[in-house]
Amino acid sequence: MKLWGGRFTKSTDSFTDHFHSSISFDQRLYQEDITGSIAHAAMLGKQGIIAKEDAELIQKTLKEILADMEAGKVTFDEKAEDIHMNIETILIERIGDVGKRLHTGRSRNDQVALDIRMYIKTEIKEIQSLLKNTMMVFNQIASENVETIMPGYTHLQRAQPITFAHHILAYVEMFKRDYERLTDTYKRTNCMPLGSGALASTTYPLDREFVAEQLGFDSITLNSMDGVSDRDFCIELVSTLSILMMHLSRFCEEIILWSSHEFRFIELDDAYSTGSSIMPQKKNPDMAELIRGKTGRVYGNLMGLFTMMKGLPLAYNKDMQEDKEAVFSAVDTIKMCLPVFTAMIETMTVHQQTMYHATKGGFTNATDAADWLVKNGVPFRDAHAIIGQLVLYCINHNTNLDDLTLQEYQAISPVFNETVYDAIRVEKCVAARNVKGGPSQEYIKKLIAVNDDYFKMI
Ligand code: ARG
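Below, the structure written as C-alpha cells:
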C-alpha cells in the first residue's frame, strides 16, 4: 500500500504511477532529504514529540541509508513516487513502526521546499567558485595584454582604439555582477521552511530555529503558506544563471567572429575546436557555438518556471514538482559551460599583430584627430566636419590619416601642423584615454590590481 493509501480503495493506474513519479530526477536530492530528516528527527526527540530513543534510532538508520546509497546499494521504486517517500519507505522497511514516526509534524510540501533550498545553496557556492576561476583567468589574460592594441567596435564597425585587456576586463565587470547576484540569491534561499507543514504549519511544538541551526540556515520562513509555495529563489537562481549565460554567449559570439578568416584576431587551441567530416581545412569553434546555443536552454528553463508559477493559487500545487528539472538543467548547463569556456579562452592564441593592424585601418584615430583640432582652438563640431572631409579624401585616395602629407592636411585646414602625427598614433590614442574606466595602460594596470584584491576578498 502507498504511504498515503489509507483513503483509497483502488490502486493507482500503473501509467499514472509513472506519470506523476519524480524519483527519476529528484533522486539527486537524496543527501539533502536525509540530512533534513535527521535534523527533523533530532528536533522531534529534543522536544519530546517522539521518544528520544526513537529519534536516535531514526537518525542512526538514516545515516546508514545514506551510506548505502553512496555505495550504490539502494534501488528506488517508481511506485514510491519521489525521493521523500522512497527514503521513508526504506526507513520503515528497516526499523518498522519507529520509522513511521519520522513524518510527525511534517509534510512533503515543506520537506521538498527544504530540500531544494539546501540543494541550491550548495550549487551556488560551487558555481561561484567556478566563476571566480573564470574571472581570475580573465584578469591574468588582461595583465598579459595591457599593450595589445585592437580596434573597439560599435555597430560592429571599427570605432576607436582600445586594448585587448580593456575588452576582456569588460567581461570581468559582468562576471563580478553575476557573482554578486549569486550571493544575493543565496541570502534569500538561506531561509528554512520546515515547520510550514502542508500549508498551515502544525499543532506540534516544533523548534524551527533548532532545525535551521542544525542545517546551517540563517533564518526561518515567517508564513507557512509562503513557506511551501515560494519558488522565487528557484526563479532568482535561474534568472541569475540566464544573465551569466548571456555574458558567456556574448563573448562566445566574439570568439566565433574573431576566429574567422575575416578577423583572425585569435586562434582557438586544437583541444577546443573541431574539424569537419567533409572539408579537410576546417577548424570550427564548436565549443563557443554550443555555449551560445545552450544559453537558449537556460532561458527556456527560466520561462518554464515563470509560466509554471504564474497561475498557482496558494499554497502547494503539484505543478511545482516541475521546478526541479528546470533548476537542475540550468545548474548542470552552467557547470558544464563555465569550465569549457574558461579553458577555451585560457588556451587561445591572441594574434596581437593582426589586432594592431586592424586598428590602423578603418580610421579608428579619427576622433583623436578631431580632438587635436579642438586642442588647437577649433570648435568640436567644425573639427568633426574637417576630419570627415579628410576621411573622405583618404577613402578616395586609398590611404589613411597617418600617411597623409602635411600639405594634404593643410589643404583642408590651415590649422594643422606636424604635431598631429604623434597625436593620432594609436598607441597615443589609447594612452591618452586616461579617464577612470578607460583603456589607458595606466588605468588598466590599476583595475587589474583592484580585481586581484577583489578575488582575495570573495
Ligand atoms: N514530489 C513532490 C514535489 O516535487 C513533493 C511534494 C508532493 N506533495 C504532495 N502533496 N503531492 O513537489
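Numbered per my numbering, the sequence shown spans residues 649 to 1106. Backbone N, C-alpha and C define an ideal beta-carbon position, used for all residues, glycine too. Computed from a prediction, not measured in an experiment: that's the story for all the values here.
Option in the options with minimal Cα separation from residue i
| i | options | result |
| --- | --- | --- |
| M873 | M893, R898, S844 | S844 |
| L1038 | S877, Q675, S1061 | S1061 |
| H909 | K931, M984, M927 | K931 |
| I1034 | V1022, D725, D934 | V1022 |
| K824 | R879, D880, I891, H1032 | I891 |
| F1011 | M766, N1046, P933, D1030 | N1046 |
| T922 | P933, K1104, I682 | P933 |
| D661 | T683, W652, I686, K727 | K727 |
| Q679 | A1018, D1019, D716, A860 | D716 |
| Q862 | D1100, P799, H688, G747 | H688 |
| A813 | I789, G800, M649, Y827 | I789 |
| V946 | M935, T888, A919 | T888 |
| A690 | A919, M968, K966, R749 | R749 |
| I903 | T657, D980, M992, V1083 | M992 |
| W1020 | Y834, A919, D1070, G800 | D1070 |
| E970 | M951, V988, T796 | M951 |
| L847 | Y920, A761, I1072 | A761 |
| K700 | V746, L830, I1043, S924 | V746 |
Exposure of residue i, with buried meaning 16 or more beta-carbon neighbours within 10 Å
| i | result |
| --- | --- |
| Q929 | exposed |
| Q1058 | exposed |
| V1098 | exposed |
| P1087 | buried |
| Q1001 | exposed |
| K721 | exposed |
| E771 | buried |
| I816 | buried |
| H803 | exposed |
| R655 | exposed |
| I926 | exposed |
| S669 | buried |
| E884 | buried |
| T943 | buried |
| S897 | buried |
| I1106 | exposed |
| V859 | buried |
| A719 | exposed |
Close-in-space but distant-in-sequence residues of the same chain around residue i (CB under 7 Å, 5 per side omitted)
| i | result |
| --- | --- |
| K1093 | V794 |
| N613 | Past the boundaries of the shown model lies residue 613; the chain is included only from 649 to 1106, so the question cannot be answered. |
| Y819 | F786, H895, F899 |
| L986 | L778, L779, T782 |
| D917 | T995, M996 |
| Y767 | L677, E680 |
| D967 | M956, L960 |
Three-way DSSP call (helix, strand, coil) for residue i in this model
| i | result |
| --- | --- |
| N932 | strand |
| R1073 | coil |
| I797 | strand |
| M649 | coil |
| T997 | strand |
| E704 | helix |
| P853 | coil |
| A848 | coil |
| A689 | helix |
| I883 | helix |
| M927 | coil |
| T837 | helix |
| I914 | strand |
| A699 | coil |
| I891 | helix |
| S877 | helix |
| S867 | strand |
Close beta carbons around residue i, own chain, < 6 Å, minus the five adjacent residues each side
| i | result |
| --- | --- |
| F865 | N838, M840 |
| C1077 | P809, N1013, D1016 |
| N949 | V886, A974, S977, A978 |
| L962 | M873, S877 |
| E915 | T997 |
| I686 | Q707, L710 |
| T737 | A728 |
| Y834 | I772 |
| M935 | Y920, V988, M992 |
Beta-carbon proximity list for residue i, same chain, < 8 Å, skipping 5 on both sides
| i | result |
| --- | --- |
| K1008 | N1048, D1050, V1074 |
| I671 | F724, D725, E726, A728, E729, D730, I731, N734 |
| E704 | G693 |
| A1006 | M798, P799, R806, F911, F913 |
| H666 | E726 |
Does the contact criterion of 3 or more C-beta pairs under 8 Å hold for the region 863-877 versus the region 800-809? no
Does the contact criterion of 3 or more C-beta pairs under 8 Å hold for the region 736-750 versus the region 697-709? yes
Counting pairs of Cβ atoms below 8 Å between the region 751-763 and the region 724-735, do you hit three or more? yes
May I ask you to verify whether the region 851-864 touches the region 876-885, counting CB pairs closer than 8 Å and requiring at least 3? no
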